[in-house]
Structure formats: structure tokens, C-alpha cells
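Take a look at the structure below.
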């Protein structure tokens with residue numbers, strides 16, 4: 001990987017994001033600290049820069065991604081931005097299958113980097129984008145390098161070797177809980193495995209968003225026909241916390257009053273961390289703020305206030 005970081009310096013800006021204590025909750029949680037990893041410091045503005053960079057660099061190393069190939073995958077938005085800017089930096093064309101209800105801000109950023117957008121019916125859910133991208137990959141295998149973030153072990157390794165290692169260094173290994181969500185399953189699996197290797201007593205909590213309208217980037221996995229990511233390791237999950245969209249929206253507004261301007265998945269994570277914290281006598285919880293609130297200016301998120 002090092003040779004590619006020397007060749008493409010912008011890629012070296014991914015990772016090493018700040019971990020900060022979330023203020024504004026001290027009066028309610030005097031003996032529980034909540035810390036958030038600020039992933040919007042990445043060049044693409046989200047956590048997804050980490051796994052996508054690792055997926056593409058590993059593919060280059062193996063020779064799976066080579067001149068003449070187009071990078072192909074599905075995304076709800078943030079991974080799409082990561083593919084778009086990383087593809088542009090590496091000099092490879094990118095084609096993305098995205099639900100048509102992805103925020104306008106995300107779609108504009110993807111187009112700005114020159115990626116091709118293929119949209120699917122929002123009423124059919126995000127799984128329709130997964131089905132469509134697999135149809136494209138099977139139809140034209142010589143044209144595309146199908147990155148397949150839902151099945152790609154490089155996704156997990158990016159978080160095991162990167163995100164989780166940073167969390168352990170920044171907390172000096174002193175945390176009691178990690179709260180995350182399931183999109184591709186890569187972050188929860190990779191972070192969960194690494195944290196539990198360090199200390200099996202660290203509890204890993206997964207949020208479960210409601211099925212509709214849902215939270216961009218997260219899979220509820222509640223329906224029998226839901227596509228479960230191949231790389232998701234259920235064994236690392238100790239507890240699940242249900243989060244309604246309204247709860248996440250309310251928390252985004254509360255975080256904004258504390259100085260954090262984050263997107264809806266970050267609000268959902270923080271709501272779950274807050275819910276958990278209220279059940280604890282003491283503890284140090286770590287969660288992730290995946291992206292910035294500006295990415296949702298055209299959605300209902302900032303039209304709603306508690």
C-alpha cells in the first residue's frame with residue numbers, strides 16, 4: 001500500500017481522524033463519557049473513504065483493477081463519493097448504482113468527480129441497488145471491476161487495521177462500549193473484532209433503524225428477504241438498540257446545539273449511545289460521526305426540530 005500512497009499523495013490523507021468527547025450531556029451522564037470519531041475529516045467527507053481506499057489499493061496490488069476496467073459498485077451515497085474521488089485520483093472511470101432518493105448533495109459531489117450514476121427506484125429500497133449492480137457485473141464482467149463492498153474482506157481489514165487501531169491508541173485501550181451501525185457490515189465487524197481482541201469485555205452495540213423511511217447508509221435487516229452483507233460477523237455484536245428516524249433527527253439538532261453538525265446516521269448512532277449511557281453507572285462509550293450535516297441540506301433532516 002505504501003508505494004501507492006507515495007504515487008498518489010491525496011490517498012494518504014485518509015484516516016487518523018480526531019476522537020473527541022461529546023459535550024452537552026454532562027448533567028445527565030455525570031459518570032459516563034461518550035466519544036465520537038470525526039470521520040468527516042476524511043477527504044471524501046465520510047467514514048467510507050477508509051474501506052473504499054483499501055478495496056481499490058488491494059485490487060490494484062492483485063491486478064484485479066487494471067487499465068481498461070471501470071470501477072463498479074452500489075452505494076447509498078457516501079461510498080459512492082469515496083469511489084468517485086478515489087477513482088479520479090487513481091485515473092480510473094467509476095460507475096455507481098445509487099437509489100434515486102440519495103441526497104442531492106451526495107449526487108452532485110459524485111457527478112463532480114466524473115463518475116457515472118445509475119439510479120434505482122427508491123420505493124424498492126436499497127437492496128434493489130444491490131440487485132442491479134450484480135446484474136451489471138454479471139452481464140459485462142470484462143468491462144467492470146466489481147468492488148462489491150458488501151462481500152469484500154478488504155472492507156473489514158480497513159477498519160480492523162485502521163479505525164479500530166486508532167480508537168485503541170486514542171483511548172489508550174480504555175473503553176467499555178462501541179456503538180455502530182450496519183451498512184455493509186465492514187465497520188462493525190472490523191472494529192468489533194479488533195476491540196474484542198484487545199479486551200473481550202468491550203461491548204459492541206449495533207443500532208437497528210426502522211424499515212421505512214430508514215436511515216441513509218444503514219440496513220435495518222428486519223425483513224425476511226433483506227440482503228444480509230456477507231462480511232457481517234454477528235458474533236461480535238453483544239446488543240442491538242432500535243432507533244427511530246425521528247430519534248436520530250432530534251439528536252442531530254441536539255448535537256448541533258453542542259457544536260457538532262452531523263448527518264442522520266451520526267444522529268442515530270449518538271441516540272443509541274445516549275440510550276445506552278443512561279443504563280450505565282460508569283463507562284466510556286465510543287461511537288462514530290460518519291459525515292457532516294451539510295450533506296443533507298436538501299432532505300427533511302434540517303426541516304425538523306424537536
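Numbering (the UniProt record's numbering), first residue to last: 1 to 306.
For every residue, glycine included, the Cβ atom is placed at its ideal position computed from N, Cα and C.
Measuring straight from C-alpha to C-alpha, what distance separates residue 157 and residue 26? Translated into the one-based positions of the chain shown, residue 157 becomes position 157. Translated into the one-based positions of the chain shown, residue 26 becomes position 26. The straight-line gap from Cα to Cα measures roughly 35 Å.
Counting only runs that start and end within the segment 71–123, where is the alpha helix (DSSP H) found for 4 or more residues in a row? 78–90 and 104–112
For residue 241 and residue 205, which I take to be in contact (beta-carbon distance under 8 Å), what is that distance rounded to the nearest angstrom? Mapped onto the chain shown, residue 241 falls at position 241. Mapped onto the chain shown, residue 205 falls at position 205. About 6 Å; that satisfies the 8 Å criterion.
Give me the DSSP bridge partner(s) of residue 284. If you number the chain shown from 1, residue 284 lands on position 284. Partner(s): 33.
Report buried or exposed for residue 307, applying the criterion of at least 16 other Cβ atoms within 10 angstroms of its Cβ. Only positions 1 to 306 of the chain appear in the structure, and residue 307 is not among them; the question remains open.
Does any C-beta atom of chain B lie closer than 8 Å to the C-beta of residue 145? Here chain B cannot be found, since the structure has a single protein chain.
Check residue 215 in the structure and name its three-state DSSP category. For the purposes of this step, residue 215 is identified with residue 215 of the chain shown, where counting begins at 1. DSSP places residue 215 in coil when its eight states are reduced to three.
Measuring straight from C-alpha to C-alpha, what distance separates residue 37 and residue 120? Here residue 37 refers to the residue found at position 37 when the chain shown is read from its first residue. Here residue 120 refers to the residue found at position 120 when the chain shown is read from its first residue. Cα-Cα distance, rounded: 32 Å.
How is residue 306 classed by DSSP in three states: helix, strand or coil? The sequence position of residue 306 within the chain shown is 306, counting from 1. Legend: pLDDT at residue 306 = 49, less than 50; position of this residue unreliable, no value from coordinates given.
Which residue wins for smallest C-alpha separation from residue 180, given the options 130, 128, 196 and 237? Within the chain shown, the letter at position 180 stands for residue 180. Minimum Cα distance to residue 180 is reached at 237.
In angstroms with no decimal places, state the Cα-to-Cα distance between residue 307 and residue 51. Any question about residue 307 goes unanswered here, given that the chain covers just 1 to 306.
Are the segment 100–113 and the segment 135–154 touching by the rule of at least three beta carbon pairs closer than 8 Å? no
Please list the terminal residues of the continuous alpha helix (DSSP H) segment that includes residue 276. Looking up residue 276 in the chain shown gives position 276. Looking at the DSSP string, the run of the alpha helix (DSSP H) that includes residue 276 is 264–277.
Quick one: using the 10 Å Cβ neighbour count with 16 as the cut-off for buried, is residue 172 buried or exposed? Locating residue 172 in the chain shown gives position 172, counting from the first residue. Answer is exposed; the Cβ neighbour count stays below 16.
Inter-residue Cα distance where the pair is residue 56 and residue 260: The sequence position of residue 56 within the chain shown is 56, counting from 1. The sequence position of residue 260 within the chain shown is 260, counting from 1. Cα to Cα, the separation comes out at about 31 Å.
Sort 177, 48, 42 and 41 by Cα distance to residue 284 and report the nearest one. The residue you call residue 284 lines up with position 284 of the chain shown. Residue 284 has its Cα closest to that of 177, out of 177, 48, 42 and 41.
Express the C-alpha separation of residue 292 and residue 369 in angstroms, rounding to a whole number. For residue 369 there is no data in the structure shown, the boundaries of the chain being 1 and 306.
Measuring CB to CB, does residue 185 end up less than 8 Å from residue 220? Residue numbering aside, residue 185 sits at position 185 when the chain shown is read from its first letter. Residue numbering aside, residue 220 sits at position 220 when the chain shown is read from its first letter. Taking 8 Å as the Cβ cut-off, residue 185 and residue 220 do not qualify as a contacting pair.
From the DSSP output, in three-state form, read off residue 21 for me. For the purposes of this step, residue 21 is taken as the residue at position 21 of the chain shown. It is a strand residue.
Can you give the beta carbon distance from residue 231 to residue 130, rounded, assuming they're within the 8 Å contact cut? Residue mapping note: residue 231 aligns to position 231 of the chain shown, counting from 1. Residue mapping note: residue 130 aligns to position 130 of the chain shown, counting from 1. About 13 Å; that fails the 8 Å criterion.
Can you round the beta-carbon distance between residue 16 and residue 48 to whole angstroms, since I take them to be within the 8 Å contact cut? Locating residue 16 in the chain shown gives position 16, where the first residue counts as 1. Locating residue 48 in the chain shown gives position 48, where the first residue counts as 1. The pair is not a contact, with the Cβ atoms about 16 Å apart (cut-off 8 Å).
Expressed to the nearest angstrom, what Euclidean distance is found between the alpha-carbon atoms of residue 272 and residue 263? Here residue 272 corresponds to residue number 272 of the chain shown, with the count starting at 1. Here residue 263 corresponds to residue number 263 of the chain shown, with the count starting at 1. Using only the alpha carbons, I get a separation of about 15 Å.
Where does residue 174 land, buried or exposed, given buried means 16+ other C-beta within 10 angstroms? Position 174 of the chain shown, counting from 1, holds the residue named residue 174. It counts as exposed.
Excluding five sequence neighbours on each side, which residues of the same chain lie with their C-beta closer than 6 Å to the C-beta of residue 154? Here residue 154 is taken as the residue at index 154 of the chain shown, counted from 1. These residues qualify, in order along the chain: 54, 55 and 58.
Pairwise C-alpha distance: residue 250 and residue 306: Reading the chain shown from its first residue, position 306 is the one you call residue 306. Reading the chain shown from its first residue, position 250 is the one you call residue 250. Note that residue 306 has pLDDT 49, beneath the 50 cutoff, so the model's placement of it is unreliable and the number below is only indicative. If you take the alpha carbons of residue 306 and residue 250, they lie about 6 Å apart.
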